[in-house]
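Undergrad:
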Amino acid sequence: MIGADSPPAAVIDFARVLRRYRDRLGISRNQLAREVGVDASYLTRIEHGERHPPRLHVVEALARRLRLSAADRDRLLIAAGFAPASLGPFGWDDALIAVAETLADPTLNPNDRAEFSEVIRSIARRWRNAS
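The sequence shown begins at 75 in this note's numbering and counts up one residue at a time.
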């Protein structure tokens, strides 16, 4: 369990993302827990930001049961601290880690975060169009 201090931003982010996907599907926390094979109280603590995100196999089971698109599955994996499936064999290299850490920095001004994101998207479009 997480200590009495505020939980880390990553814990809150995973809780928020998971709850949003569960609510979107309209499935109860108890039903999701039962169908994924975890204890309902464990899932409750995760969604309340009282537990760290679960292990990879549980996150993958949650994504399957929630019928997430590939993009949403990647968002859930990233929120849990795992490399998105779309990276496949590439894994996390130093550049991707730097981008992810910058975007996840809770002290980053929202306007700066938006500008940084737009720069990354612009660079990605440029390289995709060049090939």
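For each residue, glycine too, the CB sits at the ideal point set by N, CA and C.
Would you call the CB atoms of Pro127 and Val85 closer than 8 Å?
TA: Yes, they are a contact pair.
Undergrad: Only counting the same chain, and skipping five residues up and downstream in sequence, which positions put a Cβ closer than 6 Å to that of Ala135?
TA: Closer than 6 Å at Cβ, skipping near neighbours: Val110.
Undergrad: How many whole angstroms separate the CB atoms of Glu121 and Leu92, which I take to be in contact at a CB cut-off of 8 Å?
TA: Between Leu92 and Glu121 the Cβ distance is about 6 Å, and since that is below 8 Å, they are a contact.
Undergrad: Using only the alpha-carbon positions, how far apart do Ala155 and Ala204 sit?
TA: A small correction: the amino acid at residue 155 is Gly; Ala does not occupy that position in the sequence shown. In a straight line, the C-alpha of Gly155 is about 31 Å away from that of Ala204.
Undergrad: Look up Asn104 in the DSSP assignment and say whether it is helix, strand or coil.
TA: Asn104 falls in the helix class under three-state DSSP.
Undergrad: Does the beta-carbon of Arg129 have 16 or more other beta-carbons within 10 angstroms, so that it is buried, or is it exposed?
TA: Arg129 is exposed by the Cβ-count criterion.
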